Every structure is written in C-alpha cells, then in structure tokens.
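The structure appears below as structure tokens.
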Amino acid sequence: EDQVTQSPEALRLQEGESSSLNCSYTVSGLRGLFWYRQDPGKGPEFLFTLYSAGEEKEKERLKATLTKKESFLHITAPKPEDSATYLCAVQADGDNFNKFYFGSGTKLNVKP
Amino acid sequence: TGVTQTPRHLVMGMTNKKSLKCEQHLGHNAMYWYKQSAKKPLELMFVYSLEERVENNSVPSRFSPECPNSSHLFLHLHTLQPEDSALYLCASSQALVGSLNTEAFFGQGTRLTVV
Chain B
6 EDQVTQSPEA LRLQEGESSS LNCSYTVSGL RGLFWYRQDP GKGPEFLFTL
56 YSAGEEKEKE RLKATLTKKE SFLHITAPKP EDSATYLCAV QADGDNFNKF
106 YFGSGTKLNV KP
Chain F
15 TGVTQTPRHL VMGMTNKKSL KCEQHLGHNA MYWYKQSAKK PLELMFVYSL
65 EERVENNSVP SRFSPECPNS SHLFLHLHTL QPEDSALYLC ASSQALVGSL
115 NTEAFFGQGT RLTVV
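Protein chains in written order, with the working numbering: chain B, 6 to 117; chain F, 15 to 129.
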C-alpha cells in the first residue's frame, strides 16, 4: 500500500538554527513528490515538485532533495515567518496517477 | 487566487442541507475534495477528471459531489454528523498521463462545524 510518513511531527527552532524535515514514502512507482506549506486555517500552498532521485529544488531559505526512499526539506537560517506546517505528498504511476497521498505534516515553530 | 472556495466558514445543524462551492481559474482538468481533521493526514474524498468522477474513497452518502464543468466543483451536504466537522479543501491539477507539472493547487478551504 502506498504510504507517506513525515518526521518529526513537530519541530521548534531558534531563528537562524538550520534543520531538516523528513518525508519517507513507499509507492509502487513514483510519479512525483510534492512539498506544501500550510498556515493555520488556510489551504496548503505549493512549494516544490521533485520527480527523480538526485533532484534538488530551492526557494529562498528552503531546499528540497529526493532519494529513492525519502525526501528532505532543508531550512537554512529560518525566520519566524517560516513557522507553518509542512506537508509532503506523493503521486504514483499507473492507474492512480491523479491521486495524491499526503503525510501528516511537520509543524515548524521558529522562535525569534 | 487560482482556486476559490465558498463559504470560508459554515455552521450547520444535523438536519440541514448545505453546499460547498469550488471554482478554479487555472485551466486544469482534474478537481478534488479533501477532508482535513486535526492531527490526521489529508483524506481524499472525491476526484473528478475531465468532469467524470474517477474516485470515491468510501465516502458516506451524506456527502454528494457534483462537477458540472471543468472549472466548478460542489460538495452537497445533508444530515451530517458532528464528527464531520473539519476543514474541507478543494484542489485542482492538470492530470494527463505522461505530463509533468501535475502538482495540485488548493483553495483556502471551508471550515465546517456540525452542531
């Protein structure tokens, strides 16, 4: 069964303290892995898509990487405005190509 | 925004009938309803691709989706239970076999409270 597991569930950082969030997945064939940011009471905001192992994408203080079993979202020198829940989702090949499987998210809190 | 949901907040009694509306302006051909409850992953409810329902994830019949065209999606609600209280999210994507850029874009959600 296709699955997505994110860790840690929650992460508290001091401003400027770099860290990484993990997303491990099991799918029959990976079509794409997606990272989203979600603020309280709002819908998820799209950040990155990764398609193949070794691929990397960057946006401001965020960098996403992908291996055959997991993805990392690296946050460099975070700021309080980076506080949010970060969601990972995968899309599988085959008949389920238009389905997205989401993890439970990592709630990030960056203290000034 | 690319995906607009109305209303943003809804309080309804268990005997009421209400509808959630979603509209996308991205030219996508697939639309989704997700349910988000506290501390649980997003639960896929329904998928429409090219206006045909392609997925119904064992959702109770008190939830009834409707997709009149590729830009609009509704979720009709009747005789809901308190445990149906959640954030209901609509999303759209370009779902074509072999294509890239298949990421989903979400609306802001409807916060539903059943009393």
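Using N, Cα and C, we set each Cβ at its ideal position, and we do this for glycine too. These figures come from a predicted structure and were not determined experimentally.
- The alpha-carbon separation between Thr29 of chain F and Cys93 of chain B amounts to approximately 36 angstroms.
- Contact between Leu52 of chain B and Val95 of chain B does not hold, since their C-beta atoms are separated by about 14 angstroms, which reaches or exceeds 8 angstroms.
- CA-to-CA, the gap between Pro21 of chain F and Tyr91 of chain B works out to about 25 angstroms.
- Taking 7 angstroms as the upper bound on Cβ-Cβ separation, chain B lies near no residue of the region 25-43 of chain F.
- Of all alpha-carbon atoms in F:Asn70, F:Leu34 and F:Gly16, the one lying nearest the alpha-carbon of Arg125 of chain F is that of F:Leu34.
- In the DSSP assignment, Gln95 of chain F falls outside any beta strand (DSSP E), carrying neither H nor E.
- When the beta-carbon positions are compared, Ala105 of chain F and Ser63 of chain F stay at least 9 angstroms from each other.
- Checking the DSSP bridge columns, you'll see Cys93 of chain B partnered with B:Trp40.
- Listed in chain order, the beta strand (DSSP E) runs fully inside the region 14-63 of chain B are 15-19, 24-31, 35-43 and 50-55, counting runs of at least 3 residues.
- When secondary structure is reduced to three states using DSSP, Pro74 of chain F falls in the coil class, being assigned neither helix nor strand.
- Residues of the region 45-58 of chain B whose Cβ lies closer than 8 angstroms to any Cβ of chain F, in chain order: Gly46, Lys47, Gly48, Pro49, Glu50, Phe51, Thr54 and Tyr56.
- Listed along chain F, no residue sits closer than 7 angstroms to Ser29 of chain B by beta-carbon distance, the nearest being about 14 angstroms off.
- The distance from the Cβ of Glu14 of chain B to that of Pro83 of chain B is about 18 angstroms, inconsistent with a contact at the 8 angstroms cut-off.
- Under the DSSP assignment, Met59 of chain F falls in the beta strand (DSSP E) whose first and last residues are Glu57 to Ser63.
- Interface with chain F (9 angstroms Cβ-Cβ cutoff): Tyr41 of chain B is included.
- Cα atoms of Leu35 of chain B and Met45 of chain F: separation of roughly 21 angstroms, rounded to the nearest angstrom.
- Under DSSP, Asn83 of chain F forms a beta bridge with F:His86.
- One finds Ser109 in chain B with Cβ atoms closer than 8 angstroms to the Cβ of Lys53 of chain F, taken in chain order.
- Nearest to Asp98 of chain B by alpha-carbon distance, out of B:Asp87, B:Pro117, B:Gly48 and B:Val32, is B:Val32.
- Glu117 of chain F is not a Cβ neighbour of Lys104 of chain B, given a cutoff of 9 angstroms.
- If you draw a 10 Å sphere on the C-beta of Ser76 of chain B, you find 16 or more other C-beta atoms in it, and that means buried.
- For Lys104 of chain B, the neighbours in chain F by C-beta distance under 8 angstroms run, in chain order, Leu58, Val61 and Glu69.
- Here Gly108 of chain B really is in contact with Gln11 of chain B; their C-beta atoms are around 4 angstroms apart, less than 8 angstroms.
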